[in-house]
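Asks:
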Amino acid sequence: MTTDTVSLDQLVAWLARFRELVSQQQGYLTELDSAIGDADHGSNMTRGMTAVMEKIGVSHDDGTQATLVDELFKSVGMTLVTSVGGASGPLYGTFFLRMGTTAGPVTTLDGAALSAALRAGLGGVVARGKAEAGDKTMFDAMAPALDALDASLATGGDCVTATAAAFSAAKAGRDATEPLVARKGRASYLGERSSGHLDPGATSTALLFEALADTLGQAPA
Amino acid sequence: MTTDTVSLDQLVAWLARFRELVSQQQGYLTELDSAIGDADHGSNMTRGMTAVMEKIGVSHDDGTQATLVDELFKSVGMTLVTSVGGASGPLYGTFFLRMGTTAGPVTTLDGAALSAALRAGLGGVVARGKAEAGDKTMFDAMAPALDALDASLATGGDCVTATAAAFSAAKAGRDATEPLVARKGRASYLGERSSGHLDPGATSTALLFEALADTLGQAPA
Amino acid sequence: MKKLINAPEAVLADALTGIAAAHPELNVDHVNRIIYRGTPTKAGKVALISGGGSGHEPLHGGFVGFGMLDAACAGEVFTSPTPDQMQEATKVADSGAGVLHIVKNYTGDVMNFEMAAEMAEAETGVKVSAVVVNDDVAVEDSTWTAGRRGVGTTVFLEKIVGAAAEEGRDLAAITALANLVNASGRSMGMALTSCTVPSAGKPTFEIPDDMMEIGVGIHGEPGRHRVALAGAASIAQQLVDPVLADLDFTSGPVIAMLNGMGGTPLIELYLMYGEVAKLLEKAGVTVARSLVGNYITSLDMAGCSVTLLKVDDELLKLWDAPVNTSGLRWGL
Amino acid sequence: MKKLINAPEAVLADALTGIAAAHPELNVDHVNRIIYRGTPTKAGKVALISGGGSGHEPLHGGFVGFGMLDAACAGEVFTSPTPDQMQEATKVADSGAGVLHIVKNYTGDVMNFEMAAEMAEAETGVKVSAVVVNDDVAVEDSTWTAGRRGVGTTVFLEKIVGAAAEEGRDLAAITALANLVNASGRSMGMALTSCTVPSAGKPTFEIPDDMMEIGVGIHGEPGRHRVALAGAASIAQQLVDPVLADLDFTSGPVIAMLNGMGGTPLIELYLMYGEVAKLLEKAGVTVARSLVGNYITSLDMAGCSVTLLKVDDELLKLWDAPVNTSGLRWGL
Ligand SMILES: Nc1ncnc2c1ncn2[C@@H]1O[C@H](COP(=O)(O)OP(=O)(O)O)[C@@H](O)[C@H]1O
Ligand SMILES: Nc1ncnc2c1ncn2[C@@H]1O[C@H](COP(=O)(O)OP(=O)(O)O)[C@@H](O)[C@H]1O
Ligand SMILES: [Mg+2]
Ligand SMILES: [Mg+2]
Ligand SMILES: [Mg+2]
Ligand SMILES: [Mg+2]
Numbered sequence: 001m002t003t004d005t006v007s008l009d010q011l012v013a014w015l016a017r018f019r020e021l022v023s024q025q026q027g028y029l030t031e032l033d034s035a036i037g038d039a040d041h042g043s044n045m046t047r048g049m050t051a052v053m054e055k056i057g058v059s060h061d062d063g064t065q066a067t068l069v070d071e072l073f074k075s076v077g078m079t080l081v082t083s084v085g086g087a088s089g090p091l092y093g094t095f096f097l098r099m100g101t102t103a104g105p106v107t108t109l110d111g112a113a114l115s116a117a118l119r120a121g122l123g124g125v126v127a128r129g130k131a132e133a134g135d136k137t138m139f140d141a142m143a144p145a146l147d148a149l150d151a152s153l154a155t156g157g158d159c160v161t162a163t164a165a166a167f168s169a170a171k172a173g174r175d176a177t178e179p180l181v182a183r184k185g186r187a188s189y190l191g192e193r194s195s196g197h198l199d200p201g202a203t204s205t206a207l208l209f210e211a212l213a214d215t216l217g218q219a220p221a
Numbered sequence: 001m002t003t004d005t006v007s008l009d010q011l012v013a014w015l016a017r018f019r020e021l022v023s024q025q026q027g028y029l030t031e032l033d034s035a036i037g038d039a040d041h042g043s044n045m046t047r048g049m050t051a052v053m054e055k056i057g058v059s060h061d062d063g064t065q066a067t068l069v070d071e072l073f074k075s076v077g078m079t080l081v082t083s084v085g086g087a088s089g090p091l092y093g094t095f096f097l098r099m100g101t102t103a104g105p106v107t108t109l110d111g112a113a114l115s116a117a118l119r120a121g122l123g124g125v126v127a128r129g130k131a132e133a134g135d136k137t138m139f140d141a142m143a144p145a146l147d148a149l150d151a152s153l154a155t156g157g158d159c160v161t162a163t164a165a166a167f168s169a170a171k172a173g174r175d176a177t178e179p180l181v182a183r184k185g186r187a188s189y190l191g192e193r194s195s196g197h198l199d200p201g202a203t204s205t206a207l208l209f210e211a212l213a214d215t216l217g218q219a220p221a
Numbered sequence: 001m002k003k004l005i006n007a008p009e010a011v012l013a014d015a016l017t018g019i020a021a022a023h024p025e026l027n028v029d030h031v032n033r034i035i036y037r038g039t040p041t042k043a044g045k046v047a048l049i050s051g052g053g054s055g056h057e058p059l060h061g062g063f064v065g066f067g068m069l070d071a072a073c074a075g076e077v078f079t080s081p082t083p084d085q086m087q088e089a090t091k092v093a094d095s096g097a098g099v100l101h102i103v104k105n106y107t108g109d110v111m112n113f114e115m116a117a118e119m120a121e122a123e124t125g126v127k128v129s130a131v132v133v134n135d136d137v138a139v140e141d142s143t144w145t146a147g148r149r150g151v152g153t154t155v156f157l158e159k160i161v162g163a164a165a166e167e168g169r170d171l172a173a174i175t176a177l178a179n180l181v182n183a184s185g186r187s188m189g190m191a192l193t194s195c196t197v198p199s200a201g202k203p204t205f206e207i208p209d210d211m212m213e214i215g216v217g218i219h220g221e222p223g224r225h226r227v228a229l230a231g232a233a234s235i236a237q238q239l240v241d242p243v244l245a246d247l248d249f250t251s252g253p254v255i256a257m258l259n260g261m262g263g264t265p266l267i268e269l270y271l272m273y274g275e276v277a278k279l280l281e282k283a284g285v286t287v288a289r290s291l292v293g294n295y296i297t298s299l300d301m302a303g304c305s306v307t308l309l310k311v312d313d314e315l316l317k318l319w320d321a322p323v324n325t326s327g328l329r330w331g332l
Numbered sequence: 001m002k003k004l005i006n007a008p009e010a011v012l013a014d015a016l017t018g019i020a021a022a023h024p025e026l027n028v029d030h031v032n033r034i035i036y037r038g039t040p041t042k043a044g045k046v047a048l049i050s051g052g053g054s055g056h057e058p059l060h061g062g063f064v065g066f067g068m069l070d071a072a073c074a075g076e077v078f079t080s081p082t083p084d085q086m087q088e089a090t091k092v093a094d095s096g097a098g099v100l101h102i103v104k105n106y107t108g109d110v111m112n113f114e115m116a117a118e119m120a121e122a123e124t125g126v127k128v129s130a131v132v133v134n135d136d137v138a139v140e141d142s143t144w145t146a147g148r149r150g151v152g153t154t155v156f157l158e159k160i161v162g163a164a165a166e167e168g169r170d171l172a173a174i175t176a177l178a179n180l181v182n183a184s185g186r187s188m189g190m191a192l193t194s195c196t197v198p199s200a201g202k203p204t205f206e207i208p209d210d211m212m213e214i215g216v217g218i219h220g221e222p223g224r225h226r227v228a229l230a231g232a233a234s235i236a237q238q239l240v241d242p243v244l245a246d247l248d249f250t251s252g253p254v255i256a257m258l259n260g261m262g263g264t265p266l267i268e269l270y271l272m273y274g275e276v277a278k279l280l281e282k283a284g285v286t287v288a289r290s291l292v293g294n295y296i297t298s299l300d301m302a303g304c305s306v307t308l309l310k311v312d313d314e315l316l317k318l319w320d321a322p323v324n325t326s327g328l329r330w331g332l
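Just so you know, the protein sequences line up as chains A, B, C and D, in that order.
Be aware that the first sequence starts at 1, since it is given in UniProt numbering, and climbs by one per residue.
Be aware that the second sequence starts at 1, since it is given in UniProt numbering, and climbs by one per residue.
Be aware that the third sequence starts at 1, since it is given in UniProt numbering, and climbs by one per residue.
Be aware that the fourth sequence starts at 1, since it is given in UniProt numbering, and climbs by one per residue.
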C-alpha cells in the first residue's frame, strides 16, 4: 500500500483536469441550469476553476507554491469562495476548505486519507447547504461517489480502482437526479416542473470525480 | 349637363366607401408606413374615417344631419382633425374643411364645382404641409388626380368619366412615388432608404379617388 | 405580439387609467387625454405644454409637475395628438401669462400644434408661442425637407425651461430660452431591434441577429444605416462621433444623457454610458451633469441614444433647480 | 444575442465603470465591486448593506444613498456576490453602530452573506445582523425546501429600514423593523419572454408567442405555470389573487408596486397598474402609496410583478421620509 498514494502533483493534475472538463462542458452545464435554474452554473464553475488554476501557482503570500496538501486545498477553497459566488461558490469552496483541514500538512494522501478528506468536504457541503439525499443537488452525486470509494477501498481496491468506482457512482447519482423534484437550490422554485431534468451541480460533481478517476488512472508522470 | 351632378347622398356614399377601403386596407397601409414611417397610417385612417361615419349622421349640434355640402365637408374635416392626429389628420382634415368652404351651402356639385372644391382641398394640403411634386407625399397622388379630372371635364367628360380618369391618375401618381427619395414627412428621415417603397399617404389618396370613382360609377340609387 | 395590454385600441385609455391611479398628485382628463398638474399654474407663471404620440414614456406625462410641464397631451401610439386636445390643455394650463408649446419636429406634431395655437388664440386670446425641437443629427438638416427630428433635447428643454418658468420669466424670455436650449443640444440614436406598434401587431422592421440600425428616431422607424452588430465601445463611437461633428461641445460644460429606447435594461445603459464618457473625455468634452435611463423611449425597442447639451452656469443652475415629476425629481 | 455590451465576461466591470461615471456622488470600488456612499456613514448610524447577482438594476446599486443603503455588492449576472466583497462592504460602511445585511432568499445569497458575516465579525468585531427577504408567493413555503424567493419587498424594505437607520435607531431595532417589513410584504411575478444571460448567449427558456409564464422570479427562470397569453386584466388577476390569498391586506393601508422586469416599457406598466388598482379596490384594499416602474428587474425579460406591503402610520412615515438615490428620490 505504500506506493498506492496520491501525490501533491496528482492533486494539482486533478484540479487542472476538473477545470478542463468544466470549461469544455460550460455550455452544457449552463443549459442544464437554464432548464431549472438561472443559466449560470457553467460560467460559475469555469470562472472559479480558472481562478483556481491561476492561483495554485502562487498560493502563499510570498508568491511560492503550496507544498502541502492542506495548503493546496485551502487555497483552492478560498479561491472558489471568493471568485464564484452563487450557491456553487460556497459549496465547492467549503468542500475544498474542509478537505484541506482534514488532510492536514502532508505531501501525499493514501486511500484512507483521501476518503477522509473527501468525506470532510461532503460534510462541509451539508453543513452549508443542508441538503439531504434526494433533494436534487450536488449531494446526490457526491454522497454515492464517496460510498462507492469507501466500499472499494474496504474490499482492498487501490486508489485507481476506488476513484473509478466513485466516478461510476457519481454518474449514476447524477442520472438519478433527473426524475427528482428539487427541494433545495433554485430548482426548488419550479416545484414539479423541476422533474425531468438533470441537476447541474450533480453534473459538475460527476465531472469532479471523472477528473479524479482520469488523473489517477493515468500512468504516473 | 344639368343631370350630371353629384348629390349630397353620393358624397356621403363616397365617404362611406372610402371608410370601407381604408379599413379593408388598414394592414396594407400600415405595412407601407412600417417600411418608411412609423406603422400607423392604416390605423390613423381607419380611426378617422370610422369617426367620420359616426359623426356624419349628426353633424349639427342639434343632432340633425347635414343638408348642405359645406356642412357635410366641414363636419368631415373637423372630425378628421380632432380624431386622427399625426400628419394625415391635419392634412386630410384641412382638405375637407377647404372643400366645404369652396363648395358652399349647396345640395349638389356639378363637375366644375366638384373640381373647384377638390382643388381648394389640395390647396389646403399644400398650405399645411408645404409639399411639392416629387416630395413623396399624398400630394403626388392628389395633384395628378385633379389635373386628370380637369382635363376630362375640359374635353366634355361627365363626372363619372372624369372621376374615373382622376382615379387612374391617382394610381399612377401613387406608383410613381415608389422610386422617389422622400423630402417631406417621416419618410424623409430615411434619406436614400426611402426610395423603393410606395408612399402610404399617396396610397390612401388613391383609395380616396377609387372611392369617388366607385361611387359615381355606380347606377344612381 | 406579446404585450401587457387589453386591446390595441384601448392601450392609451387604459394607460391613462393607470397613470391616474398611480399619481393622485396629477389630474388626468380622460376625454381630452391630458395630464396636468394637481395644483393649478400660479398666476404670472408661463405655462409649459407639450405632447406627442404615446409610446415615449416617461415623455411627456412623466414630466408634468413642479419645475417642468404644466400639462401634456397624449396622442395615440406614435401619432401626434389632435389640436382640440392641445387647445384644451392650453386653456387648462394658462394662468394669464401665456403658454409655450414644446413641439418635437415631426410634420404631424408641428401641424397639429399650429392648428391648436390658432384655435386657442382665436377662441380665448391666450398668448401662445412655440419651440420646435430638432436635435437629431442622424437626419440631414435642410430647408427642402421636414428637417431634423426632435428627440432627447426635449427632455433637457422641458427641465431647464420649466425651471425658468417657475422663476416667473415672461413668455418672450421663456421662448428665447427654449430656442437657446434647442440650439445647444444634439442627439443620435441606435436600435438593436425594432418595436411593435400595438395596432400593427408585429415589429415595424425586421433586422437580423447580426445587424443593428444606426440613426434611428423614437418611432420604431428604420435608421439611416444598417450596419454589423458591434460591441458597446464601437456603438458609442458611432453615436458620439456624429454628435461631436455637428456642434462644438468642447468650449464649455455639457449635460450628457444616455437614454434607453424602452426595451434595454439599465445595466446595459450604464455600460454604454461608461463607453460614451470615455469618448467624451478623450474628445475634451467636460460632462457637468449626466442622466442615464429611459427618458424618451420607443415602446419596447432595444437600443439607446446619446444627447449632449452645451450649458453655461445659468443653464446648469436651471438644470439643478428643484423638480418634482414622476420622471425627474430632485432638490425637493 | 443582441446586447449593448463589449463581452459577456466584461459586463459587470464595464457597467460599474458607467455607474461610476454617471454618479460622482457615489464611490465605486472596482476591485471589490462595491458601490457605496460618497459621504461616509455617520457615527452612530447602523449601516445597511445589500447585494446580489447583477441584472436586477436599479437594485441594489441604484438604492445606495441617503435614506436607503450604505453599500451594495454586485455579483456576476444572476450570481450572488462573494463573501469577501460583502466583508469589505461591511468594513467600509460600518461606523461602529453595526451593520444590517439585507439578503434575498436564494441559497447562494444566504450562504455567501453568512460566510461574510462570520468573516467580518471574526476579523473586526463588527456587529452584523441579517434579514432574509422571502416574499414571493409563487413559491410554496416549506421548511423542507429553500423556501420562498426574495423579490419586490426588498425595495420597500431598503427604503423603509433605510429611513429608520437615518433616524439613528440601533441594530436590534433596525433588525426587528426589517423583519416586520419582510413579514408584511408579498409579491407575484409573470413573464411574457425569458431573458438572455450574457454568458449563456441565448434566452434561458423558449416560450411560444401565445403563452406566458406565471410565477416567475427575477432570474429568467421558468415560472410555476405556463398558461395561455391573456389580456392585461386577466394577467392582473392572476398576480393579485395569489397575493391577496396569502395575506390579509384589507385591515389597513398598503403600498403597492407594479414592477417591470426590464424589457417592458413604462406605458405597459402603467396600464397593468390600472388593472391592479381596480382589482385592489374591488377587494377592499386601500392603496396609500404606489410605485410603478423598473425597480427589481431580470435583465431584458418582458413581464412584471406586483408587490403589496401592509403598512401603518409608522411605516408610511418612513416610506415618505426623504431619500436620495438614483433609483428612488424624494423629499430632498
Ligand atoms: N442547499 C444546497 N445543497 C447542496 N447543493 C446545492 C444546494 N443548493 C444548490 N445546490 C447546487 O448548486 C447548483 C447550482 O449552482 P449555481 O448555478 O452555480 O448557483 P446558483 O443556484 O446560485 O445560480 C445546483 O444545481 C445544486 O446542485
Ligand atoms: N408635408 C406633407 N405634405 C403632404 N403630405 C404629407 C406631408 N407629410 C406627410 N405627409 C403624408 O402623410 C403620410 C403619413 O401619414 P401618417 O402615417 O398617418 O402620419 P405620421 O407621419 O404622422 O405618422 C405620408 O405617407 C405622406 O403621404
Ligand atoms: Mg445557477
Ligand atoms: Mg405614420
Ligand atoms: Mg405617426
Ligand atoms: Mg446564479
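Note that the Cβ used here is the ideal one computed from N, Cα and C, for glycine as well.
At 3 residues or longer, what runs of the beta strand (DSSP E) sit wholly inside the segment 81-115 of chain A?
Replies: 108-110
Asks: Is there a Cβ from chain C that is less than 7 Å from the Cβ of Arg-183 of chain B?
Replies: For the purposes of this step, residue 183 of chain B is identified with residue 183 of the second sequence, where counting begins at 1. Yes, Arg-183 of chain B counts as interfacial toward chain C.
Asks: Across which residues does DSSP place Gly-303 of chain C in a beta bridge pair?
Replies: Residue numbering aside, residue 303 of chain C sits at position 303 when the third sequence is read from its first letter. DSSP, once it has assigned bridges, lists C:Ala-191 as partnering Gly-303 of chain C.
Asks: Considering only residues of the same chain and omitting the five flanking positions on each side of Leu-207 of chain A, which have a CB-CB separation below 7 Å?
Replies: Taking the first sequence and counting its residues from 1, one reaches residue 207 of chain A at position 207. Taken in chain order, the residues that qualify are Phe-18, Leu-21, Val-22 and Gln-25.
Asks: Within 6 Å: the Cβ of Asp-199 of chain A and any heavy atom of ligand 1?
Replies: Walking along the first sequence from the start, residue 199 of chain A turns up at place 199. Yes, ligand 1 has a heavy atom inside 6 Å of this Cβ.
Asks: So, Ala-47 of chain C versus Thr-41 of chain C, is the Cβ gap smaller than 7 Å?
Replies: Start at 1 with the first residue of the third sequence, and residue 47 of chain C comes out as number 47. Start at 1 with the first residue of the third sequence, and residue 41 of chain C comes out as number 41. Going by C-beta atoms, Ala-47 of chain C is nearer than 7 Å to Thr-41 of chain C.
Asks: Considering only their Cβ atoms, is the gap separating Ala-74 of chain C from Arg-37 of chain C smaller than 7 Å?
Replies: In the third sequence, the residue the question calls residue 37 of chain C occupies position 37. In the third sequence, the residue the question calls residue 74 of chain C occupies position 74. Not in contact: Arg-37 of chain C and Ala-74 of chain C (Cβ atoms no closer than 7 Å).
Asks: Which word fits Gly-96 of chain C, buried or exposed, when buried means at least 16 other C-beta atoms lie within 10 angstroms of its C-beta?
Replies: Counting from one through the third sequence, the residue named residue 96 of chain C turns up at place 96. With fewer than 16 Cβ atoms within 10 Å of its Cβ, Gly-96 of chain C is classed as exposed.
Asks: For Phe-156 of chain D versus Leu-309 of chain D, is the C-beta spacing smaller than 7 Å?
Replies: The residue you call residue 156 of chain D lines up with position 156 of the fourth sequence. The residue you call residue 309 of chain D lines up with position 309 of the fourth sequence. Closer than 7 Å, so yes.
Asks: Distance, Cα to Cα, Leu-153 of chain A vs Thr-161 of chain A?
Replies: In the first sequence, the residue the question calls residue 153 of chain A occupies position 153. In the first sequence, the residue the question calls residue 161 of chain A occupies position 161. Taking the straight line joining both Cα atoms gives about 8 Å.
Asks: Give, in chain order, every residue of the segment 85-108 of chain B whose Cβ lies closer than 9 Å to some Cβ of chain C.
Replies: Of all residues in the segment 85-108 of chain B, Gly-85, Gly-86, Ala-87, Ser-88, Gly-89, Pro-90, Leu-91, Gly-93 and Thr-94 have a Cβ within less than 9 Å of some Cβ in chain C.
Asks: Note down, in chain order, all residues in the segment 121-137 of chain A with a beta-carbon under 7 Å from any beta-carbon belonging to chain D.
Replies: Listed by position along the chain: Arg-128 and Gly-129.
Asks: Is Val-132 of chain B helix, strand or coil when you go by DSSP?
Replies: In the second sequence, the residue the question calls residue 132 of chain B occupies position 132. In the sequence as presented, Val is not what sits at residue 132 of chain B; that position holds Glu. DSSP places Glu-132 of chain B in coil when its eight states are reduced to three.
Asks: Can you round the beta-carbon distance between Leu-271 of chain D and Ile-5 of chain C to whole angstroms, since I take them to be within the 8 Å contact cut?
Replies: Within the fourth sequence, the letter at position 271 stands for residue 271 of chain D. Within the third sequence, the letter at position 5 stands for residue 5 of chain C. Leu-271 of chain D to Ile-5 of chain C, Cβ: 6 Å. Contact.
Asks: Opposite Ala-288 of chain C in the DSSP bridges: which residues?
Replies: What you label residue 288 of chain C is simply residue 288 of the third sequence in a count that begins at 1. Its beta-bridge partners do not exist; DSSP assigns none.
Asks: Check the Cβ-Cβ distances between His-30 of chain C and every residue of chain B, and say whether any is below 7 Å.
Replies: Looking up residue 30 of chain C in the third sequence gives position 30. No - not a single Cβ of chain B is within 7 Å of the one on His-30 of chain C.
Asks: Can you list the alpha helix (DSSP H) stretches of 4 or more residues lying completely in the segment 78-163 of chain D, in chain order?
Replies: Runs of the alpha helix (DSSP H) inside the segment 78-163 of chain D: 83-93 and 107-124.
Asks: Which runs of the alpha helix (DSSP H) spanning at least 4 residues fall entirely within the segment 163-189 of chain A, listed in chain order?
Replies: none
Asks: Report the three-state DSSP secondary structure of Tyr-270 of chain D (helix, strand or coil).
Replies: Taking the fourth sequence and counting its residues from 1, one reaches residue 270 of chain D at position 270. In the structure shown, Tyr-270 of chain D sits in a helix (DSSP, three-state: H, G or I).
Asks: Kindly list the residues whose CB is nearer than 8 Å to the CB of Leu-8 of chain A, restricted to its own chain and excluding five residues on each side of it in sequence; keep chain order.
Replies: Mapped onto the first sequence, residue 8 of chain A falls at position 8. Excluding residues within five positions, the ones whose Cβ falls inside 8 Å are Ala-66, Thr-67, Leu-68, Val-69, Leu-72, Thr-107 and Thr-108.
Asks: Quick one, are the C-beta atoms of Asn-112 of chain C and Asn-134 of chain C less than 7 Å apart?
Replies: Numbered from its first residue, the third sequence carries residue 112 of chain C at position 112. Numbered from its first residue, the third sequence carries residue 134 of chain C at position 134. Contact: no.
Asks: Mind listing which residues of the segment 74-100 of chain D have their C-beta closer than 9 Å to chain A's C-betas, in chain order?
Replies: Gly-75, Glu-76, Val-77, Phe-78, Thr-79, Ser-80, Pro-81, Thr-82, Pro-83, Asp-84 and Gln-85
Asks: Residues of chain D with a CB under 7 Å from the CB of Tyr-28 of chain A: which are they?
Replies: Within the first sequence, the letter at position 28 stands for residue 28 of chain A. In chain order: nothing, as chain D lies at least about 12 Å away.
Asks: Any chance the CB of Phe-78 of chain D is under 6 Å from a heavy atom of ligand 6?
Replies: Residue numbering aside, residue 78 of chain D sits at position 78 when the fourth sequence is read from its first letter. Phe-78 of chain D: yes, Cβ under 6 Å from ligand 6.
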